[in-house]
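If you read the sequences in order, they're chains A and H.
Per this note's numbering, the very first residue in the first sequence carries number 9; after that it's consecutive.
Per this note's numbering, the very first residue in the second sequence carries number 366; after that it's consecutive.
A virtual CB, placed ideally from N, CA and C, is assigned to each residue, including glycine.
Quick caveat, the model's predicted, so the values are computed rather than measured.
For reference, the structure discussed in these notes is given below.
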Amino acid sequence: MSLQARSVHPLLQLINPKQHSLPLVIALTIAVVVGAFILGRGVLPLWAVTSIGLGILLVPASFKWRDDARTWGFSAALLSMILALQGFHFIEHAVQIVQFYLLDRPGVGSQGLISALNVEWVHFSWNWIVWLVLGFLFVRGFRNVWMYLLLAWTTLHSLEHTYMLVRYLQVTAELRELGQPAFQVSQTLPGILGRNGLLALCDWCARIPGFTTAPRVLVHFWWNFGEVALLFVAAWRGAPKLLSTKSAFTFGKPRL
Amino acid sequence: MKTFILTILFFTALGFAQVPVTVSATLLNESECSGQFVTFELDHITKTRGSEVTLYDSNGSGVAVGDLDNDSDIDIVLANLKNNNSIFWNEGNLSFRKEELTHGDSRGVTIVDVDGDSWNDVVFTQNLGTPSYWHNVQGKLEYSNLRGVDAPAYTMAWGDLDGDGDLDLVTASYDSLLEKELRDTFLFSDGAGVFVYTNTPDGFVAERLAEKSQALAVTLFDLNGDGKQDILIGNDFEVPDYYYLNQDGEWIETHPFSRYTRNTMSFDVADIDNDGVNELFATDMKPNFNDLSEVAMWMELMNKGFNKQVRSSPQRPENVLQKRTEDGFENIAYDKKLDATGWSWAGEFGDLNNDGLQDLYVVNGMIAKDVFAFLPNYELVEKNRIFQNLGNNNFDNVDWGLASTASGRGMVMADLDNDGDLDIVVNNLESPSVVFENQLCSENQTGGDALEVNLSWNSANTNAIGARLKLNTSAGTFRRDVYVTSGYLSGESSRVHFGVPKNATLISLEILWPDGQPSNITDLQINTLVSVARKELP
């Protein structure tokens, strides 16, 4: 089957669930119904319900990614995965924005759907894993100008999370010395950018609207918006080539 | 002090009517110069009543400065909670003689001539009751009361609010303290709140502006630029501050700020950019995020309450510096990096290095078992912060020997040794009060000279409180107002200090008296204390 013969853009082919659409819809329905039931009964908090829902969705999604690997190769499957996962990650940040700006919740109450995962370790690990995946794709030949920009953007984003993790660990060590428990809630310590961030505090830096004034929740919304936007454009430009040259990393027979 | 006297009568000048004044000038002393402030302890420790410090004894007490014996030396009065209040009579050269006032349990203190007899009196706000009044009978203080002032008051401000030539009083209560200490007695009483007391021949006449308040600070500040002093009440515990406009004898509540403090600890009014318009500074509590050991001490508090900040709230738990613009007030504290000074109490501007620009000093720290049980001695140790004004509303966090870690509460600036620079007095909690002698002079080549002004007026408002002064020099125009209350629970001297940039020449001193009458004085000499006495026209 020739890719050029199709009118659908390769990226849309890649993210199309195809035969997994029905299982995904069923999984989503189950996740919503079960989640609503649990939330309605007040048995579990929102973050736990969201995690269960994501776990249910992960079953058909993993079959879809397996098939992507068989069809177009490992690199394409990775791209498919990163698009889906970063997409959800971005939704999480968009939810935080809604909580903070529209629902007028405080920073500690604006932690998205899986608030329990809104801790520095998770942010740090997630962003560097994304960086590694993108780096792998880059090494495997997934290169265009947007990919260069995406890698630069992701590197800076990950460095900010590294700075935040280091400060988190330092504060935690200080708390330990005071006999106090480590704090788990994110949205507390500023990073490099934003209100009270390193850039805002340094002696020689001037105030730059947004860069030194935005609250943390907004700073990380824009970090992730930029990352998802660049990822989508890079994938749009790079998908035709990626899907036409099957990766050496394959699992089983391709289903064409 | 070497003295020479110029006596000049000014009737008219520059083509407009002026009130007659008598001017005399006295040369200021030479300042010692070590390049920094030198600390002297005073024999006064503000102690709390229990064996351990808890809320709200933790709020400490204030300090006031002023000339109590008319010897041209500025004396110090320190309030105390557990022990007696103290007077430190200034005997010159930073030598003080201590006298205890057989009274304590005090919060705020102001040195002010209440009865217009040209002898400054002392007024304290009490921890739980009504203000106490020490009448000055030719240098001897006698306990008395302020007739008609009947409501509990934590903080106060004095000024001629109705323009009748005598001094009126504004008080506000700190209801959490009253509820905690008095319980049912307070809850079933008429309560307290905010009062304006108008001075009349029959005593003070009360007008209640608010039935409840959590006030740590009161100041008088012209909110709408109409030349009248309006009332600002700074509340703790997320209670919005109260602002009242002075409109033809009526007090109209207003909301002039789009951003303001969440836990207002103190106010100060100063023209920090020498544009002739005063700015308003208010302190709050916010850690320095650069200092992680400090942040760790704050973390529990931040998780409990400080992070409950919602975007739509106009209040922020940080210092604010309100600057008047064409579109109203703009808070520039964050932009100028004056927003996070720690658990801040008194914050006050003064030209400490005599370069014509007013610098900022903020005293910090907290001791309370019920808040910081996990800290040694339950104490949040934070350095006091000093910000040198660099001009153009820019500030540099410097040291100058003022970064004390004692738990400061009340603080004032005044030239205690008559050497032309501002010294600082801090009333610390659970540690000795201190005088910081200003010996900066050699530190900054741009600084050096000064002019100090003492106004006296043949009226009930003998120190011309509320007067506005503009000093015109070859290096610019500098504005100061005469206040006797400032910062946190504290009272400043009615003597006005102008720092003058080196090599600048003095042109004239414009005085706008509290009744709106002008005086213009020329022939000024640098490094003098100018006494201006106003005689009424026949």
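Under the 8 Å criterion on CB atoms, H:E665 is classed as interfacial with respect to chain A. With respect to the C-alpha of H:S884, the residue from H:A771, H:K900 and H:I891 having the closest C-alpha is H:K900.
Counting C-beta atoms within 10 angstroms of its own C-beta, H:N823 has fewer than 16 neighbours from the protein chains shown and is therefore classed as exposed. With 16 or more neighbouring CB atoms inside 10 Å of its own CB, H:Q579 falls in the buried class. According to the DSSP secondary-structure assignment, H:V561 is paired through a beta bridge with H:V535 and H:E572. When rounded, the separation of the alpha-carbon atoms in A:A77 and A:I46 is 35 Å.
Using a CB distance cut-off of 8 Å, A:R224 does not count as an interface residue toward chain H. Here the alpha carbon of A:V141 sits roughly 12 Å from the alpha carbon of A:L93. Comparing C-alpha distances from H:L393 to each of H:E683, H:V418, H:D780 and H:F632 shows the shortest one belongs to H:D780.
Excluding its 5 nearest sequence neighbours in each direction, A:L159 has C-beta neighbours in its own chain below 8 Å: W139, L142, G143 and F146, listed in chain order. Scanning its chain for C-beta atoms nearer than 6 Å, with the 5 sequence neighbours on each side dropped, one finds around H:N762 the residues F752, in chain order. The three-state secondary structure of A:G63, taken from DSSP, is helix. Per DSSP, H:E901 has no beta-bridge partner at all. Residue burial annotation: A:S29 is exposed, with fewer than 16 other C-beta atoms found within 10 angstroms of its C-beta. In this structure, the CA atom of H:L657 is about 13 Å from the CA atom of H:V746. The three-state reading of DSSP puts A:K26 in helix, counting H, G and I together.
Within the same chain, L433, D434, N435 and W484 come within 8 Å of H:G504 by CB-CB distance, once the 5 residues on both sides are set aside. The region 826-881 of chain H is shown to contain whole beta strand (DSSP E) runs of 3 or more residues at 833-838, 841-846, 861-865 and 871-877, in chain order. H:D531 and H:G524 do not touch by the CB rule: their CB atoms are close to 10 Å apart, not below 8 Å. Within the region 111-138 of chain A, D112, R113, P114, G115 and V116 place their CB atoms closer than 7 Å to a CB of chain H, listed in sequence order. Between H:I872 and H:L820 the beta-carbon gap is near 19 Å, outside 8 Å, which marks them as no contact. Closer than 8 Å to the CB of H:A635 there is not a single CB belonging to chain A. In the structure shown, the three-state DSSP call for A:F240 is helix. Closest option to H:V474, judged by alpha-carbon separation, among H:R845, H:D567, H:N450 and H:E464: H:N450. For the region 164-191 of chain A, residues whose beta-carbon sits nearer than 7 Å to a beta-carbon of chain H comprise R175, Q178, V179, E182, L183, L186, G187, Q188 and F191. Close CB contacts of H:K412 within its chain, under the 8 Å cut and outside five residues either way in sequence, are with N445, L446, K447, N448 and E795 (chain order).
The beta carbon of H:T495 lies closer than 7 Å to those of V514, D515, A516, P517 and A518 in the same chain, with the five residues before and after it left out.
Sixteen is the threshold: when 16 or more other Cβ atoms of the shown chains lie within 10 Å of the Cβ of H:Q804, as they do, the residue is buried. No Cβ-Cβ contact shorter than 8 Å links A:G120 with A:E168. Counting along the chain, H:D549 sits inside the alpha helix (DSSP H) bounded by residues D549 to L552. Judged by DSSP secondary structure, A:Y156 falls within the alpha helix (DSSP H) whose first and last residues are V153 to E185.
Rounded to the nearest whole angstrom, the CA to CA distance from H:F622 to H:A647 is 12 Å. Closer than 8 Å at the C-beta level to chain A, one finds no residue of the region 822-856 of chain H. Relative to H:D724, the option among H:Y699, H:N639, H:K748 and H:V388 whose CA is nearest is H:N639. Within the same chain, Cβ atoms closer than 7 Å to the Cβ of A:H165 are found at N135, W231 and E235, the five residues on either side in sequence being excluded. The continuous beta strand (DSSP E) containing H:F453 extends over residues N450 to N455.
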